[in-house]
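Asks: Pasting a structure below so you can have a look.
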C-alpha cells in the first residue's frame, strides 16, 4: 500500500449503531463505519444492501432513526441537512446525477455558491475562472459555458466530481463514480483520489468493481441486507472473500469454452453513413457494416465517443438516418421512431436509465409492463396481471424491493437496471441492443444478468452488447466489432479477442 505521508491513525469520521427503516422495513441495522484521514475506505455490497442509504445519512440527505456520527471529535445524531453536512466538510458524488440540465457547467459546479460582486451580482468572470480550475483536474475538454444537458453522461459525471472538489471537503463520498466513465476518465479520477489522499482528505469509495477496490482502497467494509459483515484491510482480503460476504455464496463459474452456434442473420447494416449536418461535437458514423445472427451475442467495443451508442440509437429510430441499408429478418428496416423499431422486433436498453429508460414515479410493475400493455387485456383487469408478471420478474432478477407496487425511483441504481432489462425480456425483441447493461450492478447480479443475456441469445434471438468494460465484452461476445471515430476498425472473433487487441484497435488511427 502506498505511503501517502499522512498519519492514517487520525480518525476523521466514526459512525456507530446506525439504524434506518422505510415504511417499517429495516434498511440499515446497527451499522458502524470509521474513516481515517488520508484513507480510501471502500464500501461494497449487493444492490439493496444499504450502501447508498448509509452514504445519504453521512451526507445529510436523510437522518438516521438512531445512531451517532462523530466527525473530528464532534458528536452528531445525524446532520440537519445536506447543506449542513457540506458546511462541516462532507461532499458526495452521487451515483445518479443531481445536476441542473439547462444551467451551465460553471453554474452547476458552484450552485448556490456563486462568487458575487459588490452589488450582489454574480461575478461571471470569476465563476468561469474558478470552474476551469476544477474542470482542468478531471475534464479539461469540457467548457464551463456549455449547458450540462448538452454533455454526454460520462462528462456529466466528471462535472459532479469537479463540483465535489470545489467544496474543499475533508471527507468525499464517491458513489459508483466510474460507472459512466471511460478508461481514460477513470485513470484521471484515480489520480485525483491519490492526490486527495496525500492532502489528508478521507475518501469513502462505493464500487461494484472489485478490481477498483483492490487498486485504490486501504480498507473495505462489507454490507449485506443492511447489516455490516466486517471491515478488512485490503492487503488481507481476496475477491472471493468479499464476494462470499456480499452475497452469502460463491458465484457459479461460467463455462467459457461453450460456444453458441450462430444461425441466420437477423440484423444487417450495409455501408451506413450519417447524413450531412449532424450536431457538432458528436461522432459521425461512416461506412458501417455489421451483422448479428440468431443465437449470437455481438459486442460493440470502443472508447467513449466512438459512435457505439449513436449506431444503436439510429437503428432504434431515435436518431436521424442517413444512407445505407438496414435489414431486419431480411426485410428493409426504416424505423421513423422507437415505437416503429419495437413493433419491428428491435429493443434498446439505454445506457442512461434515469433520463431515458424508466418512469421513476411509476411502480416496478408498470415499468416492467409498460411496453407490453396491449398484451394485458382490458384496463380494469390489467393491474392484477401486471403485478403477477412483475412479481415473477422480481423473484427471477432478485430485485430488492418491498413489493411490485413500489416506485422505481426509490430503488437502488442496480435494481433499477434489473427492472429495465426485465421490461425488454418481457417484450421479447428478436434483436436486443443492450447499452452498458450492468452499469451500477453488483457482482452477484452482474453474473446473473450475463446469464440472462446468454440464455436469451440461446433461445434464438440476437443480442448486441455495448460495454465499456472489456472483461464483460470478452466474457459475453461471440464476435466483437471495434469502433473508432464513428467507423468499424475491425471485427474480432471470440478466440482472437483480448483486452490488448481490442484496446489497440480502439486507440490506433484508422488508415
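Numbering (the working numbering), first residue to last: 326 to 836. All C-beta atoms, glycine included, are put in the ideal place defined by N, C-alpha and C. All figures in this text were calculated on a predicted structure; none of them were measured in a lab.
Can you name, in chain order, every residue of its own chain whose Cβ lies under 7 Å from the Cβ of residue 352, other than the five neighbours on each side?
Replies: Your numbering for residue 352 matches position 27 in the chain shown. Correct list, in chain order: 345, 346, 375, 378 and 551.
Asks: Can you tell me which of the three DSSP states residue 718 falls into?
Replies: Position 393 of the chain shown, counting from 1, holds the residue named residue 718. Helix.
Asks: Count the other C-beta atoms from every protein chain shown that fall within 10 angstroms of the C-beta of residue 425, then say buried if there are 16 or more, exposed otherwise.
Replies: Along the chain shown, read from residue 1 onward, the residue named residue 425 stands at position 100. By the neighbour-count rule (16 or more Cβ atoms within 10 Å), residue 425 is not buried but exposed.
Asks: According to the Cβ coordinates, are residue 538 and residue 559 closer than 8 Å?
Replies: The sequence position of residue 538 within the chain shown is 213, counting from 1. The sequence position of residue 559 within the chain shown is 234, counting from 1. The answer is yes: Cβ separation under 8 Å.
Asks: What residues in its chain sit with their C-beta under 8 Å from that of residue 600, if we drop five residues either side in the sequence?
Replies: Counted from its first residue, the chain shown places residue 600 at position 275. Here the set comprises 645, 646, 647 and 648.
Asks: As an exercise, report each continuous alpha helix (DSSP H) stretch of at least 4 residues that is fully enclosed by the stretch 616 to 656, in chain order.
Replies: With a minimum length of 4 residues, the continuous alpha helix (DSSP H) runs that stay inside the stretch 616 to 656 are 633 to 640.
Asks: Could you work out which residue in 496, 781 and 497 is closest to residue 758 when comparing CA atoms only?
Replies: For the purposes of this step, residue 758 is taken as the residue at position 433 of the chain shown. Here the closest residue by C-alpha is 781.
Asks: Taking the beta carbon of residue 419 as the centre, do at least 16 other beta carbons fall within 10 Å, making it buried, or is it exposed?
Replies: Here residue 419 corresponds to residue number 94 of the chain shown, with the count starting at 1. Counting Cβ neighbours within 10 Å, residue 419 comes out buried, since at least 16 surround it.
Asks: In whole angstroms, what is the alpha-carbon distance linking residue 770 and residue 354?
Replies: Position 445 of the chain shown, counted from the start, is the residue given in the question as residue 770. Position 29 of the chain shown, counted from the start, is the residue given in the question as residue 354. The straight-line gap from Cα to Cα measures roughly 23 Å.
Asks: If distances are taken between C-alpha atoms only, which option among 481, 528 and 496 comes closest to residue 506?
Replies: Start at 1 with the first residue of the chain shown, and residue 506 comes out as number 181. Among 481, 528 and 496, the Cα nearest to that of residue 506 belongs to 481.
Asks: Give every residue of the same chain whose Cβ lies closer than 7 Å to the Cβ of residue 658, excluding the five residues on either side of it in the sequence, and list them in chain order.
Replies: Taking the chain shown and counting its residues from 1, the one referred to as residue 658 is at position 333. Only 651, 652 and 669 meet the Cβ criterion.
Asks: Under 8 Å between the Cβ atoms of residue 766 and residue 778?
Replies: Here the question's residue 766 lines up with position 441 in the chain shown. Here the question's residue 778 lines up with position 453 in the chain shown. Not a contact, by the Cβ cut-off of 8 Å.
Asks: Measuring CA to CA, which of 523, 532 and 665 is closest to residue 500?
Replies: Here residue 500 corresponds to residue number 175 of the chain shown, with the count starting at 1. Checking every option, the nearest Cα to that of residue 500 belongs to 532.
Asks: Out of 541, 427, 586 and 403, state which residue places its alpha-carbon closest to the alpha-carbon of residue 474.
Replies: Position 149 of the chain shown, counted from the start, is the residue given in the question as residue 474. Considering only alpha carbons, the answer is 427.
Asks: Have a look at residue 335 and residue 397 and give me their C-alpha separation to the nearest angstrom.
Replies: Residue numbering aside, residue 335 sits at position 10 when the chain shown is read from its first letter. Residue numbering aside, residue 397 sits at position 72 when the chain shown is read from its first letter. Taking the straight line joining both Cα atoms gives about 9 Å.
Asks: Whose CA, out of 431, 715 and 793, lies closest to the CA of residue 452?
Replies: Here residue 452 corresponds to residue number 127 of the chain shown, with the count starting at 1. Among 431, 715 and 793, the Cα nearest to that of residue 452 belongs to 431.
Asks: How would you label residue 741, buried or exposed, when you count the other beta carbons within 10 angstroms and need 16 or more for buried?
Replies: Position 416 of the chain shown, counting from 1, holds the residue named residue 741. So residue 741 counts as buried.
Asks: Under 6 Å Cβ to Cβ from residue 490, same chain only, skipping five residues before and after it: list those, please.
Replies: Taking the first residue of the chain shown as 1, we reach residue 490 at position 165. If we look at residue 490 and ignore the five residues flanking it on each side, its Cβ neighbours are 459.
Asks: Does the count of Cβ pairs from the stretch 621 to 636 and the stretch 792 to 802 closer than 8 Å reach three?
Replies: Judged by Cβ distances under 8 Å, the stretch 621 to 636 makes contact with the stretch 792 to 802, as three or more pairs qualify.
Asks: Between residue 394 and residue 338, which are expected to be in contact by the criterion C-beta below 8 Å, what is the C-beta distance as a whole number of angstroms?
Replies: Residue mapping note: residue 394 aligns to position 69 of the chain shown, counting from 1. Residue mapping note: residue 338 aligns to position 13 of the chain shown, counting from 1. So it is a contact: roughly 7 Å between Cβ atoms.
Asks: Roughly how many angstroms lie between the CA atoms of residue 715 and residue 689, to the nearest whole one?
Replies: Here residue 715 is taken as the residue at index 390 of the chain shown, counted from 1. Here residue 689 is taken as the residue at index 364 of the chain shown, counted from 1. Cα to Cα, residue 715 sits roughly 7 Å from residue 689.
Asks: Smallest Cα separation from residue 667: which of 746, 696, 734 and 522?
Replies: Mapped onto the chain shown, residue 667 falls at position 342. Ranking 746, 696, 734 and 522 by Cα distance to residue 667 puts 696 first.
Asks: So, does the stretch 608 to 619 touch the stretch 806 to 821, judging by three or more C-beta pairs under 8 Å?
Replies: Verdict: yes, contact present.
Asks: From residue 404 to residue 390, what does the alpha carbon distance come to, in whole angstroms?
Replies: The count along the chain shown starts at 1 and reaches residue 404 at position 79. The count along the chain shown starts at 1 and reaches residue 390 at position 65. Rounded to whole angstroms, residue 404 to residue 390 spans 12 Å at the Cα level.
Asks: Tell me whether the beta-carbon of residue 463 lies closer than 8 Å to the beta-carbon of residue 434.
Replies: Here residue 463 is taken as the residue at index 138 of the chain shown, counted from 1. Here residue 434 is taken as the residue at index 109 of the chain shown, counted from 1. Cβ distance not < 8 Å, so residue 463 and residue 434 don't count as in contact.
Asks: Hey, residue 634 and residue 791 are a contact pair by Cβ (cut 8 Å); roughly how many whole angstroms apart?
Replies: Working through the chain shown from its first residue, we reach residue 634 at position 309. Working through the chain shown from its first residue, we reach residue 791 at position 466. Yes, they are in contact, since the Cβ atoms of residue 634 and residue 791 sit about 6 Å apart, within 8 Å.
Asks: What is the residue span of the alpha helix (DSSP H) that residue 824 lies within?
Replies: By 1-based counting over the chain shown, the position of residue 824 is 499. Here the alpha helix (DSSP H) through residue 824 covers 824 to 832.
Asks: Going by DSSP, which residues form a beta bridge with residue 682?
Replies: The sequence position of residue 682 within the chain shown is 357, counting from 1. Paired residue(s): none; residue 682 is not in a bridge.
Asks: List the residues that DSSP assigns as beta-bridge partners of residue 344.
Replies: For the purposes of this step, residue 344 is identified with residue 19 of the chain shown, where counting begins at 1. Residue 344 pairs with 391.
Asks: So is residue 641 buried or exposed if we call it buried at 16+ other beta carbons inside 10 Å?
Replies: Position 316 of the chain shown holds residue 641. Answer is buried; the Cβ neighbour count reaches 16.
Asks: Beta carbon of residue 803, beta carbon of residue 512: below 8 Å?
Replies: Numbered from 1 along the chain shown, position 478 holds the residue referred to as residue 803. Numbered from 1 along the chain shown, position 187 holds the residue referred to as residue 512. It is not a contact, given that the beta carbons lie outside the stated cut-off.
Asks: Who are the near neighbours of residue 407 in its chain, counting only those whose CB is closer than 7 Å to its CB and skipping five residues on each side?
Replies: For this step, residue 407 is matched to residue 82 along the chain shown. Cβ neighbours of residue 407 beyond the five flanking positions: 384, 385 and 386.
Asks: Check whether the Cβ atoms of residue 392 and residue 343 sit closer than 8 Å, and answer yes or no.
Replies: Position 67 of the chain shown, counted from the first residue, corresponds to residue 392. Position 18 of the chain shown, counted from the first residue, corresponds to residue 343. Going by C-beta atoms, residue 392 is nearer than 8 Å to residue 343.
Asks: Measuring only between beta-carbons, confirm whether residue 780 sits less than 8 Å from chain E.
Replies: The displayed structure is made up of one protein chain only, and chain E is not part of it.
Asks: Any idea what DSSP makes of residue 553, helix, strand or coil?
Replies: Within the chain shown, the letter at position 228 stands for residue 553. In the structure shown, residue 553 sits in a strand (DSSP, three-state: E or B).
Asks: For residue 455, count neighbouring C-beta atoms within 10 Å of its own C-beta (all shown protein chains included) and say buried if the count is 16 or more, exposed if not.
Replies: For this step, residue 455 is matched to residue 130 along the chain shown. Burial call: buried.
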